[in-house]
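Peer 1:
Residue numbers (the working numbering): 264 to 498.
Structure follows, in structure tokens:
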């Protein structure tokens, strides 16, 4: 039996996604229910002010393998992910935003890589995602900063799959998107075995993006330096 057959917790997070939830969450549940191995869904509503939470509860119904809860206030992607992983119980964890931009079937690519390469973390990068020149410049700038400040080469655009035991929410302080830089940086610095796969990312069909793109490099640079200080204190 392959390692990921031990069980998968899928964390799905959403903030004001009432337009997407009724269309995206049923596909996610169908994919999970078709799996031959243990699974659970952890749906985290990141303090939405619309009907996101109610609609998610309506979709999952009384399925005991699904947890649906709200953080009460908007904490950010990092806060939602930490809350989701903390609530997860199965050995392997991955995540998706509930905006429909990453087809749930792409998670099969990550699971296959973990089993075929016998690694503990699988990172993903997007194939031919057209976000314009600004996004490409920002992405390249952030990767360069990570190499300069932390001495690791990191390529991680989308969801990553990891052994739950590697995720220590107490040491991962950011509630912002920066957590998706910090966890990979920590894993790579510790020499955790990893692989990288390419997945599809499609245009959003409903709702609007909640992620800001301006001043990203400056903010990330500050947070990378703060992380270096924290890592130094941790020894």
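Note that beta-carbon positions come from the ideal geometry of N, C-alpha and C, so glycine has one too.
1) Report the three-state DSSP secondary structure of residue 327 (helix, strand or coil).
2) Secondary structure at residue 233, three-state DSSP: helix, strand or coil?
3) In angstroms with no decimal places, state the Cα-to-Cα distance between residue 294 and residue 484.
4) Where residue 489 and residue 333 are concerned, what is the direct C-alpha to C-alpha distance, given to the nearest angstrom?
5) Could you give the residue range of the beta strand (DSSP E) that holds residue 385?
6) Give the list of continuous alpha helix (DSSP H) stretches no shorter than 4 residues that lie fully inside the stretch 285-345.
7) Let me know if residue 347 comes out buried or exposed under the rule of 16 or more other beta-carbons within 10 Å of its beta-carbon.
8) Would residue 477 be called buried (16 or more neighbouring beta carbons within 10 Å of its own) or exposed?
9) By DSSP, does residue 349 sit in helix, in strand, or in coil?
10) With burial defined as no fewer than 16 other Cβ atoms inside 10 Å of the residue's Cβ, what is the status of residue 325: buried or exposed?
11) Who are the Cβ neighbours of residue 426 in its own chain at under 7 Å, not counting the five residues just before and after it?
12) How many Å lie between residue 314 and residue 280 at the Cα?
13) Classify residue 449 as buried or exposed, calling it buried when 16 or more other Cβ atoms lie within 10 Å of its own Cβ.
14) Using DSSP's beta-bridge definition, name the partner residues of residue 462.
15) Where does residue 369 land, buried or exposed, given buried means 16+ other C-beta within 10 angstroms?
16) Give the DSSP-derived three-state secondary structure of residue 483 in the structure shown.
17) Which residues in the same chain have their Cβ closer than 7 Å to the Cβ of residue 460, if we skip the five residues on either side of it in sequence?
18) If I'm right that residue 435 touches residue 445 with Cβ under 8 Å, what's the distance once you round it to whole angstroms?
19) Inspect the beta-carbon positions of residue 273 and residue 358 and report whether they are closer than 8 Å.
20) Sort 366, 303 and 421 by Cα distance to residue 350 and report the nearest one.
21) Sorted by chain position, which residues of the same chain lie with C-beta nearer than 8 Å to residue 364's C-beta, five sequence neighbours on each side aside?
Peer 2: Reading off the structure:
1) coil
2) As shown, the chain starts at 264 and ends at 498. That puts residue 233 outside it, with no answer to give.
3) 38 Å
4) 29 Å
5) 384-389
6) 315-323
7) buried
8) At residue 477 the pLDDT is 49, less than 50, meaning the model places this residue with poor confidence and gives no usable figure here.
9) helix
10) exposed
11) 354, 355 and 383
12) 8 Å
13) buried
14) 389
15) buried
16) helix
17) 372, 373, 376, 385 and 387
18) 6 Å
19) yes
20) 303
21) 464, 465, 466 and 467
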